[in-house]
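Chains as they are written, first to last, in my numbering: chain A, 305 to 786; chain L, 8 to 258; chain F, 84 to 350.
So this is what it looks like as structure tokens:
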């Protein structure tokens, strides 16, 4: 009898807990894997989105159902079961650490090598930052400065609620959900991301990176970024950071859209260092990114990327040079080691008259990795006097890796002048011997040579990141030579 | 032979020549000097008919005809030669082939029969000797891989081949060592006759040691601000342009 | 054209299959062939397209030398597969003046093998032409040189695609691939120069350009009295001539120049 009562009480407790507030949590767990219209509805609901946003997501989802996974890249992609992916998880609370001593020593070692300032190390590692610096006031200072200029910088979820007119006008205007398989998927299930609006004639007074880094929380696997630079404005934006980022989610599919209005100037820099998998090629992030900007009359967009992470990278930051006299640039360093694979490059679509573009791509392959540059330069019929210069270099380290170059140049206008050059080189025994003889370790020598090779691109990064990126390249190559 | 009156010319919205007056008679040698950016090369280009520049006012008479009505090749065939400051390289087009067409066009304009292959070869040989141009160069592509000196010699060689009435030599002396300068200048002097004329655009007096001018003009800010005889060039060499420009500023 | 080339070179008809040693051969009608050039042989071969599609497979045995002149003056689709053995050499010149789809695949299968291709296509009116030149570096210490020049005028469409593949063990590969194009009028050029490299001790480069005629050069020539038309023609001739002048099969440069001149007069 006593036993029964006990049992009953326990049972009652369980049911009442279920009844009084654990419903959501349990449901979150049970959403678990898989994708369906219901899941899309649920994501939208959880984010408290307006009806029109849900409609957009559903439209994208229905379109995605009709698409097949793309096969054209020079990548060996294991079959991805899209029903085995978790598309929504409430942001996990990071375990708060009390001091840097509690940080994983491996992570700490990397931070030190990268030379990241102590305060930022703590923030990135999840140490309670308030203990060492008043991050709230720092953030507030940033926010005040930006607000004073009329700059909007917030999460995309916030923007959907607070600035629906801008979101309706611009979201999906550069990368429509019909663009490709992953753009459709992202449009249906994007978790969060950033929105940035620079008003007419405003020059953003700071690298948005500084703010971003301190603010760097888990942005989720389906990140969505929208940057709108209104007429005559300027902004420099940095995505990602040099610190290694680990994530439970293997599949990442981000979309970045940039609208560069008349005479505006946007500089977008990326440092991508997601977990690349171990030395045997186990694990690692699959990173399928669609990045594109549209340039109106006289506008300028510059992409700079340093790609060292991810097991698979599929990424082509592109410029649609729609307006007359607009210009685009793409500067890239892509490094692959061990079993990493990268297929990355750019598209420069010349539509307006007197449009200019420049491509500098530096691939570095080591270990058993495969590294491909893929690019398209297209000059439309009306694009009089278009100019492009492309330089695509490959550096091979070791004889088990691959370096590939797949450019397409397509000109419909006889006044176009387009040039493409590519070279392949290796780090020679002679170079290493020479450096060794002058007292450099082989590792330092390789770092030195690689950085010299990538210098032109690294120089395009904002100052503080250029230094870190240099170190990052050397670290990513550890163990690849000798 | 040449009469330039109140010539104004611009590129885009920018006016570069602001009223040039210049008269050149047969048998004369004129030198045009002036600081950088004064419009010397523009004057040469406009007279030759470079379509990059727009003539906005004024007139140019050449051999009693309105020169401005003709395009660049018609002006050439009427006997106007421009020696380029930076002779362009034309890959794949051999000097021999190029000059043959040019010479025969010139002859056609003068009512003469085209040259036979033998006559042409003889002419090439004879004229290339004037500037001591290595005859091997004439079998190469136009200016391709030529040294700075060879390019300038090649300009004077072409001048000899085409036998112009008026030759405008734009900074022919720039980038030449003293031997090449002497050869080029001697070539020009040997081509001089009573029925032709030469306009030499230069920065330095040294070329005028070899090509003695009858008149020296100073071009400044798109106008000829001073004209003198050969002693003017020496004075400019010693004292620079400041005294002239200052005068001009006060004006 | 075909008769003139054949008689000038006193070429004999190429069998449908079999081995050949030395001499000058021509492909009588464009049809599939399987030919082996004997070790140490020295063969010159003329392929002048008819209105047909065909695949010609040629094995060049060790120490042999093969020179091919491929003239495309008709609408045709010819694929030439050449396997080049150790210390042997293949030089090829391709002159294309019509709508066509030509494909050359050269595989350097033995050490110290050499392949060289000089190609030119001149397109006018509504010509649709695709030129593919792939090189497979299978063995180490091989060398390849690809130079293809294209002119697309009128409403024509010219496409160049070239893949240089370097196999994992093909160390000390030395490869250069160049594609230069000029567009005139509404001509459309598409170029895909590609590298796929799996060995590290290699010297591989490629370059591709699409451009217009050099206006400075045209101005220069006009100053010397050439008409605009002459200046343009001369420049285009200068652009394409060196391919013909360095023809793999000698003795027919005049015929080729004449053929190109006729095509260029339609620009």
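Virtual Cβ for every residue (Gly too), placed ideally from N, Cα, C.
Between which two residues does the alpha helix (DSSP H) carrying residue i extend?
i, result
"residue 642 of chain A", "Unbroken run through residue 642 of chain A: none, as it is neither H nor E."
"residue 51 of chain L", "47-55"
"residue 148 of chain F", "Residue 148 of chain F -> not in any alpha helix (DSSP H); beta strand (DSSP E) instead, spanning 148-155."
"residue 675 of chain A", "Counting along the chain, residue 675 of chain A falls outside any alpha helix (DSSP H), though it belongs to the beta strand (DSSP E) covering 674-683."
"residue 740 of chain A", "733-741"
"residue 755 of chain A", "746-762"
"residue 492 of chain A", "485-493"
"residue 321 of chain F", "311-328"
"residue 204 of chain L", "Note, residue 204 of chain L: premise wrong, no alpha helix (DSSP H); beta strand (DSSP E) at 204-208."
"residue 611 of chain A", "Looking at the DSSP string, residue 611 of chain A is not in any alpha helix (DSSP H); the run it does join, the beta strand (DSSP E), is 604-611."
For residue i, go through chain A and note every residue whose CB falls closer than 7 Å to its CB, in chain order.
i, result
"residue 281 of chain F", "706"
Is it buried or exposed, residue i, if we count other Cβ atoms within 10 angstroms and call 16 or more buried?
i, result
"residue 66 of chain L", "exposed"
"residue 369 of chain A", "exposed"
"residue 384 of chain A", "exposed"
"residue 46 of chain L", "buried"
"residue 698 of chain A", "buried"
"residue 759 of chain A", "exposed"
"residue 781 of chain A", "buried"
"residue 745 of chain A", "exposed"
"residue 94 of chain L", "buried"
"residue 569 of chain A", "buried"
"residue 96 of chain F", "exposed"
"residue 330 of chain F", "buried"
"residue 43 of chain L", "exposed"
"residue 117 of chain L", "exposed"
"residue 525 of chain A", "buried"
"residue 132 of chain F", "buried"
Shortest alpha-carbon distance to residue i belongs to which of the options?
i, options, result
"residue 563 of chain A", "A:604, A:586, A:578", "A:604"
"residue 476 of chain A", "A:632, A:598, A:591", "A:598"
"residue 202 of chain L", "L:250, L:117, L:39, L:32", "L:32"
"residue 689 of chain A", "F:339, F:337, F:294, F:311", "F:294"
"residue 534 of chain A", "A:592, A:602, A:671", "A:602"
"residue 187 of chain F", "F:213, F:194, F:193", "F:213"
"residue 340 of chain A", "A:389, A:354, A:543, A:755", "A:389"
"residue 221 of chain L", "L:161, L:75, L:160, L:240", "L:240"
Is DSSP giving residue i helix, strand or coil here?
i, result
"residue 62 of chain L", "strand"
"residue 628 of chain A", "coil"
"residue 367 of chain A", "helix"
"residue 521 of chain A", "Reliability fails at residue 521 of chain A, whose pLDDT of 41 lies under 50, so the model's placement of it is uncertain and no value is given."
"residue 571 of chain A", "strand"
"residue 174 of chain F", "strand"
"residue 32 of chain L", "coil"
"residue 147 of chain L", "coil"
"residue 655 of chain A", "coil"
"residue 348 of chain A", "helix"
"residue 247 of chain L", "coil"
"residue 273 of chain F", "strand"
Mind pulling the chain F residues with CB within less than 9 Å of residue i?
i, result
"residue 83 of chain L", "305, 306, 307, 308, 309"
"residue 195 of chain L", "None at all; the shortest Cβ gap to chain F is about 17 Å."
"residue 113 of chain L", "307, 308"
"residue 684 of chain A", "Neighbours of residue 684 of chain A on chain F: none; closest Cβ ~11 Å, over 9 Å."
Tell me which residue opens and which closes the beta strand (DSSP E) that residue i is part of.
i, result
"residue 599 of chain A", "590-599"
"residue 222 of chain L", "222-227"
"residue 13 of chain L", "9-18"
"residue 102 of chain L", "Segment 102-116 is the alpha helix (DSSP H) holding residue 102 of chain L; no beta strand (DSSP E) there."
"residue 164 of chain L", "Careful: residue 164 of chain L lies outside any beta strand (DSSP E), inside the alpha helix (DSSP H) at 155-169."
Which residues in chain F have a C-beta closer than 7 Å to the C-beta of residue i? List them in chain order.
i, result
"residue 723 of chain A", "292"
"residue 716 of chain A", "271"
Going along chain F, which residues have a C-beta under 8 Å from residue i?
i, result
"residue 91 of chain L", "303, 306"
"residue 175 of chain L", "What residue 175 of chain L touches in chain F: nothing, since even the nearest Cβ is about 10 Å away."
Interface residues of chain L around residue i at Cβ under 7 Å?
i, result
"residue 318 of chain F", "97, 100"
Identify the contact partners of residue i in chain L, using a Cβ-Cβ distance below 8 Å as the criterion.
i, result
"residue 204 of chain F", "Neighbours of residue 204 of chain F on chain L: none; closest Cβ ~16 Å, over 8 Å."
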